[in-house]
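Written below as structure tokens is the structure these notes are about.
2 protein chains.
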Amino acid sequence: MSEVHVLTTGEAARYCGVNFRTVIRWIERGQLKAYKLPGRGDHRICVEDFVSFLRDNAMPVPAELGAATRKVLLVSDSPEMIAGRQLLQQAGCEVDLASDSFSAGTMLASGKPAMLVLDSNLEGVNGFQVLDMLRSRSEFSSLSVVLVAPQDEANPQRWLDAGADAVVAASCDRNELVGRINLLLDA
Amino acid sequence: MSEVHVLTTGEAARYCGVNFRTVIRWIERGQLKAYKLPGRGDHRICVEDFVSFLRDNAMPVPAELGAATRKVLLVSDSPEMIAGRQLLQQAGCEVDLASDSFSAGTMLASGKPAMLVLDSNLEGVNGFQVLDMLRSRSEFSSLSVVLVAPQDEANPQRWLDAGADAVVAASCDRNELVGRINLLLDA
DNA sequence: GCCACGGTTGACAGTTATGACAGGTTAAAT
DNA sequence: ATTTAACCTGTCATAACTGTCAACCGTGGC
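Chains as they are written, first to last, in this note's numbering: chain A, 2 to 188; chain B, 2 to 188.
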């Protein structure tokens, strides 16, 4: 069963060092998404919504809540890429792995990773199509995308134009890849 | 075998991030419908009642409970198949449409359809791979799958063996397709 | 039979919602 | 520079809801 972790106004208030009254006002103003319990109308805030609220307002994200924001979905069927998984885990990331585009899609939607590492060499994946789709849907607006370019890539810029946040060559060093992923996750 | 799914107070509580005591109070106040077991008077909540309670109170519905009963995800890029969409809508179905496997995956996971109509002629889709993945994940255990077989299909049985609930030829009549979908949805 | 597990109940402590009010900040108007 | 208004935030008291705790009871496994 899915453990939906939610916060009360008091918890959210303590996390950002304000009075809970203020948190309620943020909610009333529509700045922070929340729902109400039927009883007295207590507010409950999904951690996910809270974290994106903090980010939108350049507020510090508590480490224990930000852990979920270091989740990476790695989409590739190449053994070398998959070997990079361990490096990412050592770097403190949670890593989901998909080796075809259909399951990649399901894992993206259900696992809610903060980053997608997409190997455009994967058979049946059209990187441009995927980027188009991601960028046209608001639910993925905060998703970072690192594109692993085809072997023969001559013009990496076109991927950036299509919406990728970074492009790396498939042949690039794994440590370099992990370094860039880390940089994006911390940004 | 049709599994009548019910929740205990503890499960319902975890689903909406409150204490089980609170769930019992909602039931006592008549806000949440439930029945009692004869023994100690344990509460049991039908998933259906729980979901409509959540909806009534604008509370988030957990993905694994929210599956719509007449929602179909149509995965194809063939104009004829897409034309079948209207027929399905006329038959009272809600229809999502995906034309590539990646977005099909995202829509399957986020849209929670009751049925997947998968065109195996779609480029980049390996029907067997998809069926394997679906049947190995419990979150999709209740999903019906209608497979639209390749043009040259000689042995439809192998799709059924792989986990499809029905197989139709790509050339088959649209009305027949809709009829079979309806049958499965009502089952 | 015995035990672990999970659910119930009641009492009580802890939290939260609400409205009103006061102090602080910002920005525009004088 | 000063004033003013608008706004945000914290505080308070009250009422109501929610969580916690302990004791107890069915159920199923050993």
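Just so you know, even glycine gets a beta-carbon here, dropped at the ideal spot from N, CA and C. Treat the numbers as computed from the prediction; the structure is a model and nothing was measured.
Item: Could you check the C-alpha separation between LYS34(A) and GLY112(A) for me, to the nearest Å?; Value: 20 Å
Item: For the beta strand (DSSP E) that SER77(B) lies in, which residues bound it at each end?; Value: Here SER77(B) belongs to no beta strand (DSSP E), and DSSP marks it neither H nor E.
Item: Which residue's Cα is closest to the Cα of ARG56(B): MET82(B), VAL73(B), CYS17(B) and ARG45(B)?; Value: CYS17(B)
Item: Using 10 angstroms around the beta-carbon of ARG22(B), count the other beta-carbons present and answer buried if the total reaches 16, otherwise exposed.; Value: exposed
Item: For THR10(A) and chain B, any beta-carbon pair shorter than 7 Å?; Value: no
Item: Could you list which residues in chain B have their beta carbon closer than 8 Å to that of GLY106(A), in chain order?; Value: SER102, PHE103, SER104, ALA105, GLY106, THR107, MET108, LEU109 and ALA110
Item: Just list the beta strand (DSSP E) runs in the segment 6–66 of chain A, keeping only unbroken ones of 3 residues or longer that don't cross its boundaries, in chain order.; Value: 44–47
Item: Give the straight-line distance between the Cα atoms of GLY40(A) and GLN158(A), rounded to the nearest whole angstrom.; Value: 54 Å
Item: Which residues in the same chain as SER142(B) place their Cβ atom closer than 6 Å to its Cβ, once the five residues preceding and following it in sequence are excluded?; Value: none
Item: Taking only beta-carbon atoms, is MET82(A) less than 7 Å away from chain B?; Value: no
Item: Determine whether the Cβ of ALA68(B) lies closer than 7 Å to any Cβ atom of chain A.; Value: no
Item: Please confirm whether VAL147(B) and VAL126(B) have their CB atoms less than 7 Å apart.; Value: no
Item: Going along the segment 9–34 of chain B in order, which residues come within less than 9 Å of chain A, judged by CB to CB distance?; Value: GLU12, ARG15, TYR16, CYS17, GLY18, VAL19, THR23, ARG26, TRP27, ARG30, GLN32 and LEU33
Item: Using beta carbons (cut-off 7 Å, strictly below), is GLY125(B) in contact with chain A?; Value: yes
Item: Would you call the segment 84–98 of chain B in contact with the segment 46–55 of chain B, where contact means no fewer than 3 C-beta pairs closer than 8 Å?; Value: no
Item: What are the boundary residues of the alpha helix (DSSP H) that ASP174(A) is part of?; Value: Unbroken run through ASP174(A): none, as it is neither H nor E.
Item: Looking only at its chain, what residues have a beta carbon closer than 6 Å to the beta carbon of VAL24(A), apart from the 5 residues adjacent to it on each side?; Value: THR10, ALA13 and ALA14
Item: Nearest-angstrom Cα distance between ASP97(A) and ARG86(B)?; Value: 34 Å
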